[in-house]
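Take the sequence shown: its letter number 170 is residue 285 in my numbering, and every next letter is one higher.
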Amino acid sequence: LLLATFIIILSFVYSKQHKTKTRQSTIPIPQSTQSTNTMSIIPSSFNSPPLVTFLTTANYVAMPQIDKLFLNAPMIAIKSANLLAYAISLYAVSQPGRIDGQAQQQQQQQKTNDGATTKPLLDDDNNDLKKRESIFMPDGYAFSIWAPIFIGELVFVTSSFFMTNPIIQQIAGSFVSAQLFQTLWTMSFRPKYQSTLPNVFVSTFNLAGIAIALSKAHGVYSASTSNELAQYLIMLLPLSLHFGWTTAASLVDLNGAVALKFPRKVSTIVGYASAIGGTLLGLGITVSRQAPVYGGVIAWALGAIASALSKKLANADDDNEDEEPLPGSNVQLRLCQIGTVLNIGASALTALGYTANMWKA
């Protein structure tokens with residue numbers, strides 16, 4: 116019933132919009148680049164911030180009940196629900212009109228026009244969203260991680276029909292909750308949510324919801340005694356990638372929202388706290404759960420942020436006014452570099468121990 120409800124909601128939400136304005140991208144993932152100026156039968160106003168905020172809250176509250184529901188459900192129903200939830204999420208992220216897709220289109224237009232200036236990114240109140248730029252923004256290459264995430268989870272939901280591992284049942288509720296949060300994120304990561312202070316954080320809460328739900332699933336597998344390589348590659352690897360990346364993405368989105376709505380000093384402090392907190396979280400989960408992939412993903416994200424900061428600082432040295440670094444960039448660069456090295460080290464050491472245990476089994 117919950118999944119059916121989301122299908123109905125999606126039929127309302129993803130109607131094409133008359134006009135769509137954008138803010139700067141923070142979490143680019145693949146989506147259609149077709150025009151969004153076509154009208155469908157149902158107006159896009161059905162995607163209202165109050166509705167999506169309510170559904171986000173409801174999903175948080177319902178997570179324990181969803182877990183209990185799947186623990187008592189038939190395996191065929193569980194596997195079908197996993198596949199359906201993944202399909203809904205995949206459909207949702209492919210729809211046009213999301214902020215990151217429009218920002219990518221603008222960047223492509225600038226390249227096509229030999230760097231000529233295009234219209235600024237605006238929210239629905241015509242506010243320039245370049246102010247959303249923060250010192251916790253990764254380089255563009257970092258977002259390529261979405262490809263193995265989607266492919267890995269597709270392998271998981273399809274191959275599970277040929278598996279009898281009880282872990283599938285134990286993590287199904289969390290997996291479905293994560294996919295629903297991702298669907299809600301695609302609804303909230305749109306220009307109409309960027310004008311007011313409460314609404315700008317809805318996408319952050321949905322990204323955090325993905326990470327929290329996947330953390331529960333990741334913890335279940337990590338606590339199990341399964342050391343089979345095939346099961347690791349099919350189940351834990353894609354979940355670890357998704358869990359790690361949405362952990363980082365939540366912090367990136369939080370920093371963007373704070374930079375947009377709060378003074379620059381506040382944004383700088385939040386940026387420092389995110390770098391330190393992300394580093395400590397990566398180390399803690401990597402070591403306590405023997406999870407080298409998670410630490411590797413956190414290192415990937417922090418390294419991409421350090422790369423972006425390095426480029427801006429280098430361009431500033433070349434007197435490029437368009438690439439002037441934000442206050443606190445030098446300190447943030449060092450924090451991210453240290454976090455990257457520490458998480459790489461923890462992942463490498465953990466991987467050696469994990470591999471040794473797998474070979475013993």
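Idealized CB from N, CA, C, for every residue including glycine.
- Shown here for S204: same chain residues with a beta carbon closer than 7 Å to its own, the five before and five after excluded, namely Q294, Q297, T298 in chain order.
- If you draw a 10 Å sphere on the C-beta of L467, you find fewer than 16 other C-beta atoms in it, and that means exposed.
- Excluding five sequence positions before and after A323, the CB atoms of its chain that fall closer than 7 Å to its own CB belong to S365, given in chain order.
- Sequence-distant partners of S462 (beyond 5 residues in either direction) whose C-beta falls short of 7 Å from its own C-beta, in its chain, are T401, P407, G410, G411, A414.
- Residue environment analysis places Q180 among the exposed positions, since fewer than 16 neighbouring C-beta atoms fall within 10 angstroms of its C-beta.
- For I283, same chain residues with a beta-carbon under 6 Å away, outside a window of 5 residues either side, are S275 in chain order.
- Between the alpha carbons of A326 and E439 lies a gap of roughly 33 Å.
- K183 is classed as exposed because its beta carbon has fewer than 16 other beta carbons within 10 Å across all chains shown.
- At the C-beta level, H357 and E268 come within 8 Å of one another.
- Around R379, the same chain offers L441, P442 as residues with beta carbons nearer than 8 Å, after the five sequence neighbours per side are excluded.
- When DSSP states are grouped into helix, strand and coil, P353 belongs to the helix group.
- In this structure, V367 places its C-beta atom within 8 Å of the C-beta atom of F251.
- By the Cβ-count criterion, S403 is exposed, with fewer than 16 other Cβ atoms from all chains shown falling within 10 Å of its own Cβ.
- Note that the C-beta distance between L375 and S389 is not below 8 Å.
- DSSP places T301 in the helix class (H, G or I) of the three-state scheme.
- T301 and T319 have their C-alpha atoms roughly 11 Å apart.
- Taking all protein chains shown into account, N445 has fewer than 16 neighbouring C-beta atoms within 10 Å of its C-beta and is therefore exposed.
- Membership of A262 in the alpha helix (DSSP H) is indicated by the continuous run 261–274.
- When rounded, the separation of the alpha-carbon atoms in S292 and A431 is 44 Å.
- Taking the C-beta atoms as reference points, V272 is found nearer than 8 Å to Y201.
- Taking all protein chains shown into account, R449 has fewer than 16 neighbouring C-beta atoms within 10 Å of its C-beta and is therefore exposed.
- In this structure T383 is buried. Its beta-carbon is surrounded by 16 or more other beta-carbon atoms within 10 angstroms.
- When rounded, the separation of the alpha-carbon atoms in S195 and M278 is 13 Å.
- Burial check for L312: the Cβ neighbour count within 10 Å stays below 16, so the residue is exposed.
- Judged by their CB atoms, V335 and I286 are nearer to each other than the 8 Å cut-off.
- Straight-line measurement puts the Cα of N321 at about 15 Å from the Cα of G359.
- E343 and N314 have their C-alpha atoms some 44 Å from each other.
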